[in-house]
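**Q** Protein chains in written order, with full-length UniProt numbering: chain A, 1 to 485; chain B, 1 to 485; chain C, 1 to 485.
Okay, here's the structure, questions in a sec.
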């Protein structure tokens with residue numbers, strides 16, 4: 001701890017938020033690298049290649065509509081909206097950091113998805129005959145998923161880092177994600193369609209560990225900017241609602257064709273509905289006068305979607321989904337009320353968006369729910385064929401049984417946490433280097449650091465504002481007239 | 001009337017908007033009830049169960065893509081967006097009630113869809129072999145539809161009721177909806193794919209009757225908060241546009257596979273386009289200086305979608321759709337200009353969002369259009385098979401003829417109105433009880449009652465604001481500099 | 001030039017923005033004309049008619065899911081969102097023109113799509129057996145595409161024209177569009193799935209030519225209104241993101257079933273991702289202190305989608321898409337920094353939204369990329385069947401070869417530019433007539449001209465505001481209390 005402390009002190013020099021050379025340099029170099037790597041590695045798969053018609057005949061596929069595109073494209077677009085509008089607008093709640101929220105979210109997602117196509121491609125879609133990664137719609141969805149992990153981490157450090165740091169966070173985040181995903185899904189053979197473990201737990205702990213490494217003892221110097229204003233809260237609700245509405249698509253996007261996608265959508269739909277009611281209940285109950293807190297409505301209502309991520313494709317049953325949502329609404333809201341202040345005060349983890357309560361904790365719950373549901377699976381419920389299909393008991397795992405699968409699920413959970421915490425600490429160390437252009441403690445949560453912000457009349461003190469108004473005589477006169485009426 | 005009046009007086013005691021115990025209590029108890037009822041009654045249907053593959057083979061279905069999920073999921077997601085973003089943001093136009101608009105919309109929709117799955121399930125999806133309700137994607141769409149009826153009613157009482165009242169309104173609204181829907185669609189055998197009658201007419205009159213029961217003679221005490229501000233009008237346009245764009249999905253979501261969905265989408269697309277032009281025309285014509293009124297653009301542009309709800313799947317013909325939209329744009333806008341003030345003044349119905357002009361009246365028109373189109377149907381236009389499929393002339397209705405179907409449509413219309421008005425009066429009585437925590441007359445349309453609202457600098461009177469600014473010297477100085485340039 | 005100048009002077013009389021009679025008149029007359037023309041010409045096609053089931057049997061189509069509706073409806077809805085929310089909100093960035101941006105966008109799109117169904121129908125979907133236009137989902141998508149051309153043109157004249165002028169612009173724009181599209185796609189046999197040439201190049205130059213004809217030397221009199229405010233920039237990001245996210249649907253909406261749609265979506269997805277990084281890089285590099293400019297992020301990030309429009313369905317290869325996006329991000333952002341000021345100062349083209357940099361220039365690049373990619377096509381890459389399908393080498397073009405196709409693509413490009421510039425000059429002449437109710441030079445970019453704008457407290461000068469506050473004593477007192485704490 002002492003070592004960490006002294007490392008921190010070394011890094012806290014005079015801050016300079018000018019990223020005029022570092023940001024363009026990183027963008028150009030990395031994008032050029034992407035082009036080269038894509039040129040070497042990435043090709044279309046059979047379903048997106050002009051030879052699809054021949055492939056169709058070979059495989060005896062009767063119609064173009066059976067191209068995977070038509071199974072997954074609607075879900076893909078919903079997931080895409082969640083990544084860019086959902087995550088982006090959810091973070092616009094701060095009064096003067098909406099540009100950074102939605103703009104940097106845009107930047108790192110756009111970079112991340114390219115890198116994810118490569119990283120995940122090497123692990124999952126490499127065609128060993130020619131050494132190329134063959135991509136189709138499912139790869140795009142997985143790339144968006146991978147990006148989601150990094151955007152979750154962004155939530156923890158929102159307003160406290162520079163865009164260059166975010167790009168570094170994303171580069172390492174995607175890399176770690178692809179590795180842990182490979183270990184969890186392929187080596188351990190855990191199932192995790194909606195990514196409770198792979199995405200949310202990993203992303204959550206990754207972000208929290210980074211935030212812990214970047215702890216700012218004097219962050220209260222930016223306290224004036226740390227709240228919301230009326231309209232920024234409404235903007236954030238755009239993010240919340242698009243996440244909430246499209247979560248069934250998120251959890252069902254890469255599940256099995258047919259009943260797999262169908263069931264995952266239903267379970268997620270129900271879990272989320274249940275979460276809303278318990279979130280409202282707890283928010284009102286724990287506030288003086290019973291008033292609702294926008295922070296809870298914006299965030300905790302989504303916890304149920306996180307927590308059914310793993311089990312959504314299993315026979316969780318409709319009431320099971322409601323129960324998971326019920327519990328997560330309570331736990332997540334209590335997290336905002338009790339755990340977040342505790343973590344900031346005692347654990348030195350400053351979590352701007354409360355990702356611990358929205359992603360990390362519900363993700364862990366989701367992993368546990370998934371393990372239990374898997375362990376409880378039986379042929380009487382799933383049918384023989386259904387059980388094999390749902391849990392993918394084939395190939396080297398053809399002798400797997402549900403109870404052991406439950407153990408594997410739990411093992412996957414642990415891997416996700418380890419990668420999140422471990423990776424976050426290492427990346428956090430890197431991000432503490434005094435070269436990234438991050439803002440000073442009294443300058444956090446302020447778009448002025450990295451954006452040309454339009455000057456508004458409300459920014460000018462009233463005396464000047466009045467003079468200013470006098471110059472626009474028309475406006476003033478019409479107002480006087482209005483007053484007299 | 002005298003009786004109603006005195007009942008009103010009894011109920012108007014000192015108002016207390018603290019819902020700290022009632023709101024959590026209702027949420028917890030009802031959500032727990034949902035879990036229990038779902039545990040007893042709700043199961044997956046064949047298409048969302050792991051036995052789907054076996055079912056496919058049995059029924060000789062050649063591909064997973066013929067799972068109903070792929071026919072309806074894109075439409076479902078569009079409807080879902082309409083319910084949560086469309087209705088939610090449409091109501092954000094008030095200057096200080098955006099939290100309540102979008103937040104309570106969220107709450108009651110999330111509760112309503114659970115209760116709707118049960119209520120509609122008992123009537124429509126009960127499997128008599130095991131007494132379970134078997135749900136799939138179509139049930140989710142129907143649940144969203146059912147919720148729409150209650151959200152319409154919310155529009156009439158927006159800003160004047162507590163969240164607890166809204167939950168009660170929803171509980172009864174969903175129940176009434178399921179019953180009237182069963183009577184209209186199953187017993188009377190009316191067709192109503194887009195719900196002109198079942199959703200909009202019922203929801204509209206239900207809300208208006210409740211608003212009439214909750215009449216507040218001194219509502220002008222909240223007059224300062226009853227308008228919009230510039231940005232709240234822009235937020236409301238988000239709601240308008242998502243409703244407008246996705247209405248073709250709404251009207252086609254549960255119509256027949258193939259041509260049914262295709263035709264319903266085309267008709268709705270056209271009717272809505274036509275409505276926009278006549279709305280703009282009337283809005284400009286009836287305003288001094290020809291300026292457009294945002295209230296009309298936000299609301300009346302949608303009336304065409306309501307009015308083709310019933311007939312969208314019939315052979316309304318493209319020009320027929322345009323004519324319906326043409327008329328509804330005119331009628332709805334004139335409604336906002338003349339009927340709403342009349343209703344408030346003489347009928348004592350305060351209709352915050354003007355749902356009479358957007359839902360009730362166009363819904364009735366839609367019912368009439370549906371009845372006429374059905375009565376005019378012929379084999380020469382539909383083809384023999386097409387006529388049977390479109391109007392579902394089979395089973396006990398296999399001897400039905402189009403003219404009689406027209407009569408049944410009209411009968412359905414009457415049932416919807418009766419359920420709306422009757423149900424609204426009863427529920428309105430219940431909501432007048434002085435136990436629900438509704439706001440006082442001078443406190444309506446104010447988020448302060450039920451939400452922790454962030455303090456904004458603009459709320460502070462200028463003298464204080466100036467001092468406040470002086471504390472942030474940097475800001476002030478930079479502004480001075482700017483002024484001098 | 002002298003002639004144009006004197007014509008301009010004749011037209012610059014006293015401005016009167018009252019459109020109380022002209023706007024309703026145009027709306028009513030045109031909408032009535034639409035109804036009559038639809039009555040004469042427009043009918044459902046086989047896939048949306050009740051005779052679909054018979055047609056299916058005739059054509060041996062095995063399932064309802066092969067109705068074109070299911071191939072294209074999800075893409076259609078995404079395109080629809082781009083037209084109404086994407087374009088509408090992208091233009092809300094001006095501080096006091098958000099109503100006009102989103103409202104007039106709504107109006108002209110709603111009119112334009114009806115007229116487009118007719119114009120495009122006459123050229124492409126006319127059934128010569130009965131003289132009727134048979135419409136289905138693909139016609140709706142094409143109508144939306146056609147509208148996009150006019151909305152692009154609106155971007156150039158945003159804030160400087162009346163709604164009546166916009167309707168005239170749209171009427172002629174749609175007409176010109178349908179003709180040039182017929183020439184380019186049918187006569188010249190160029191391929192242009194995503195409309196780089198047909199939509200963006202044409203729309204861009206059409207708008208620029210109109211803006212040149214409507215040049216206002218004293219536009220700086222409205223300078224106070226020409227910037228953005230903080231929240232208007234956030235609103236504009238809603239438009240940006242929905243355009244960005246759904247662009248893969250735009251470029252793939254009318255490509256071939258199966259691999260065509262699949263590949264177009266992948267290419268667009270990649271090009272757009274790449275554009276974001278180079279836009280950020282250039283924006284930061286060319287700004288003092290390296291701060292990002294919202295104008296660039298809102299607009300230039302989309303240039304990659306425009307530029308792969310033509311080639312998206314070809315074998316552009318994933319790395320090719322990245323390269324196109326890379327270049328367009330740079331060029332478009334530099335366009336905003338250097339070309340737009342140059343055009344305004346020296347070419348007398350005032351381009352409010354910078355459509356030259358977002359549509360015209362990237363559109364031309366897209367045409368060139370398309371021509372090169374087509375010319376480079378070979379059977380070894382596409383396969384024999386793939387080549388024929390992708391480039392539609394059949395019927396009278398069955399002897400076409402890729403190199404010649406490249407030439408045809410380039411020819412198509414020239415036609416698009418000529419139609420844009422030529423049509424824009426003619427329509428610009430018409431719009432200069434002093435009868436359209438356009439605003440005076442000191443009144444541009446102001447919603448007050450055409451909208452009832454709500455009065456806001458911030459509009460009232462501070463002294464009055466203070467008194468105003470004093471009337472709401474509660475508020476003031478609570479603030480005092482807050483201050484003392």
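Heads up, the beta-carbon is just placed ideally off N, CA and C, and yes, glycines get one too.
Bear in mind that the values here come from a model prediction, so they are computed numbers and not experimental data.
Against chain B, does residue 268 of chain C count as a neighbour if the rule is that its beta carbon must be under 9 Å from one of theirs?
**A** On the third chain, position 268 is the one that residue 268 of chain C refers to. Not an interface residue.
**Q** Would you mind giving the Cβ-Cβ distance between residue 281 of chain B and residue 304 of chain B, rounded to the nearest angstrom? I have them listed as a contact below 8 Å.
**A** Walking along the second chain from the start, residue 281 of chain B turns up at place 281. Walking along the second chain from the start, residue 304 of chain B turns up at place 304. The pair is not a contact, with the Cβ atoms about 14 Å apart (cut-off 8 Å).
**Q** Please name the residue in A:371, A:17, A:403 whose C-alpha comes closest to that of residue 379 of chain A.
**A** Locating residue 379 of chain A in the first chain gives position 379, where the first residue counts as 1. Comparing Cα-Cα distances from residue 379 of chain A to each of A:371, A:17, A:403, the minimum goes to A:403.
**Q** Counting only Cβ-Cβ distances shorter than 7 Å, please list the residues of the segment 121–138 of chain B near chain C, keeping chain order.
**A** Listed in sequence order: no entries.
**Q** For the segment 88–112 of chain C, list every residue whose C-beta sits within 7 Å of some C-beta in chain B, in sequence order.
**A** Under the 7 Å Cβ criterion, the segment 88–112 of chain C contributes 88, 92, 98, 99, 102, 103, 106, 107, 110, 111.
**Q** Relative to the C-alpha of residue 507 of chain C, which residue among C:29, C:91, C:317, C:39 is closest?
**A** It is not possible to answer for residue 507 of chain C, since the shown part of chain C is limited to 1 through 485.
**Q** Hey, would you say residue 106 of chain C sits closer than 9 Å to residue 388 of chain B, going by beta carbons?
**A** Here residue 106 of chain C corresponds to residue number 106 of the third chain, with the count starting at 1. Here residue 388 of chain B corresponds to residue number 388 of the second chain, with the count starting at 1. The answer is no: Cβ separation not under 9 Å.
**Q** Given that a residue counts as buried once 16 or more other Cβ atoms are within 10 Å of its Cβ, and exposed if not, what is residue 56 of chain A?
**A** In the first chain, residue 56 of chain A corresponds to position 56, counting from 1. Flag for residue 56 of chain A reads buried.
**Q** Does the structure place the segment 45–52 of chain B close enough to the segment 134–145 of chain B that three or more beta carbon pairs sit under 8 Å?
**A** These segments touch.
**Q** Just list the residues that DSSP pairs residue 132 of chain B with in beta bridges.
**A** Against the second chain, residue 132 of chain B aligns to sequence position 132. Per DSSP, B:127.
**Q** Quick check: residue 353 of chain B and residue 155 of chain B, are their CB atoms within less than 9 Å of each other?
**A** Here residue 353 of chain B refers to the residue found at position 353 of the second chain. Here residue 155 of chain B refers to the residue found at position 155 of the second chain. Cβ distance < 9 Å, so residue 353 of chain B and residue 155 of chain B count as in contact.
**Q** Excluding five sequence neighbours on each side, which residues of the same chain lie with their C-beta closer than 6 Å to the C-beta of residue 123 of chain A?
**A** On the first chain, residue 123 of chain A is found 123 positions in, with the first residue counted as 1. Closer than 6 Å at the Cβ level, and outside the excluded window around residue 123 of chain A, lie 178, 182.
**Q** Considering only the beta carbon of each residue, do residue 227 of chain C and residue 447 of chain C sit closer than 9 Å?
**A** Taking the first residue of the third chain as 1, we reach residue 227 of chain C at position 227. Taking the first residue of the third chain as 1, we reach residue 447 of chain C at position 447. No; because the gap between Cβ atoms is not below 9 Å, this pair is not in contact.
**Q** Looking at the structure shown, is residue 191 of chain A part of a helix, part of a strand, or coil, going by DSSP?
**A** Within the first chain, the letter at position 191 stands for residue 191 of chain A. Three-state result, residue 191 of chain A: coil.
**Q** If you follow the alpha helix (DSSP H) that residue 61 of chain A is in, where does it begin and where does it stop?
**A** As a first step, residue 61 of chain A is located in the first chain; it is residue number 61 there, counting from the start. Run containing residue 61 of chain A: none; DSSP gives neither H nor E here.
**Q** Please go through the same chain and pick out, in chain order, the residues whose beta-carbon is closer than 6 Å to the beta-carbon of residue 112 of chain A, but skip the five residues on each side of it.
**A** The sequence position of residue 112 of chain A within the first chain is 112, counting from 1. Within the same chain, residue 112 of chain A has close Cβ partners 147, 150, 170, 174.
**Q** Would you kindly work out how many angstroms separate the C-alpha atoms of residue 296 of chain B and residue 35 of chain A, rounded to a whole number?
**A** Position 296 of the second chain, counted from the start, is the residue given in the question as residue 296 of chain B. Position 35 of the first chain, counted from the start, is the residue given in the question as residue 35 of chain A. If I take the Cα positions, the gap works out to 50 Å.
**Q** Cβ of residue 53 of chain A less than 9 Å from any chain C Cβ?
**A** For this step, residue 53 of chain A is matched to residue 53 along the first chain. Taking Cβ atoms only, chain C reaches closer than 9 Å to residue 53 of chain A, which makes this a yes.
**Q** From residue 120 of chain A to residue 97 of chain A, what does the alpha carbon distance come to, in whole angstroms?
**A** If you number the first chain from 1, residue 120 of chain A lands on position 120. If you number the first chain from 1, residue 97 of chain A lands on position 97. C-alpha separation (whole angstroms): 32 Å.
**Q** When you compare only the Cα positions, how much space is there between residue 423 of chain C and residue 116 of chain C?
**A** Taking the first residue of the third chain as 1, we reach residue 423 of chain C at position 423. Taking the first residue of the third chain as 1, we reach residue 116 of chain C at position 116. Cα-Cα distance, rounded: 17 Å.
**Q** Answer yes or no: does any C-beta atom of chain C fall closer than 9 Å to that of residue 263 of chain B?
**A** In the second chain, residue 263 of chain B corresponds to position 263, counting from 1. True, the Cβ-Cβ gap to chain C drops below 9 Å.
**Q** May I have the straight-line CA-CA distance separating residue 198 of chain C from residue 343 of chain C, to the nearest angstrom?
**A** Taking the first residue of the third chain as position 1, residue 198 of chain C is located at position 198. Taking the first residue of the third chain as position 1, residue 343 of chain C is located at position 343. Computed Cα separation, rounded: 23 Å.
**Q** In three-state terms, what does DSSP make of residue 463 of chain B?
**A** Taking the second chain and counting its residues from 1, one reaches residue 463 of chain B at position 463. Any answer about residue 463 of chain B is weak, because its pLDDT of 40 lies below 50 and its placement is not dependable; what the coordinates show is given next. Three-state result, residue 463 of chain B: helix.
**Q** Compute the Euclidean distance between the alpha carbons of residue 19 of chain A and residue 33 of chain A, then round it to the nearest angstrom.
**A** For this step, residue 19 of chain A is matched to residue 19 along the first chain. For this step, residue 33 of chain A is matched to residue 33 along the first chain. Each residue's alpha carbon lies about 21 Å from the other.
**Q** Quick one: what does DSSP say residue 44 of chain B is sitting in, helix, strand or coil?
**A** In the second chain, counting from the first residue as 1, residue 44 of chain B sits at position 44. The answer is strand: DSSP assigns residue 44 of chain B an E or B state.
**Q** Short of 7 Å in beta carbon distance, which residues of its chain neighbour residue 269 of chain A, apart from the five on each side in sequence? Order them along the chain.
**A** One-based indexing of the first chain puts residue 269 of chain A at position 269. Excluding positions up to five away in sequence, the list reads 248.
**Q** What residues are listed by DSSP as bridge partners for residue 292 of chain A?
**A** As a first step, residue 292 of chain A must be located in the first chain, where it is residue number 292. Looking at the DSSP assignment, residue 292 of chain A forms a beta bridge with B:451.
**Q** Taking the straight line between their C-alpha atoms, what separation do you get for residue 217 of chain B and residue 110 of chain C?
**A** Residue numbering aside, residue 217 of chain B sits at position 217 when the second chain is read from its first letter. Residue numbering aside, residue 110 of chain C sits at position 110 when the third chain is read from its first letter. The straight-line gap from Cα to Cα measures roughly 40 Å.
**Q** DSSP three-state call for residue 228 of chain B: helix, strand or coil?
**A** Residue numbering aside, residue 228 of chain B sits at position 228 when the second chain is read from its first letter. Looking at residue 228 of chain B - three-state DSSP - the assignment turns out to be strand.
**Q** What are the start and end residues of the alpha helix (DSSP H) that includes residue 211 of chain C?
**A** Here residue 211 of chain C refers to the residue found at position 211 of the third chain. Run containing residue 211 of chain C: 202–213, per the alpha helix (DSSP H) assignment.
**Q** Is the segment 310–328 of chain C touching the segment 272–279 of chain C in the sense that three or more CB pairs, one from each, lie closer than 8 Å?
**A** Touching, per the Cβ criterion.
**Q** Quick check: the Cα distance between residue 335 of chain B and residue 431 of chain C, rounded to an integer number of angstroms?
**A** As a working mapping, residue 335 of chain B is identified with position 335 in the second chain. As a working mapping, residue 431 of chain C is identified with position 431 in the third chain. If I take the Cα positions, the gap works out to 34 Å.
**Q** So, with DSSP's three-state summary, where would you put residue 94 of chain B?
**A** One-based indexing of the second chain puts residue 94 of chain B at position 94. In the structure shown, residue 94 of chain B sits in a strand (DSSP, three-state: E or B).
**Q** For chain E, find out if any of its Cβ atoms is closer than 9 Å to the Cβ of residue 165 of chain B; answer yes or no.
**A** In the structure shown, chain E does not exist; the protein chains are A, B and C.
**Q** Can you find the residues in the same chain that come closer than 6 Å, C-beta to C-beta, to residue 260 of chain C, ignoring five residues on each side of it along the sequence?
**A** What you label residue 260 of chain C is simply residue 260 of the third chain in a count that begins at 1. Same-chain partners within the cutoff: 313.
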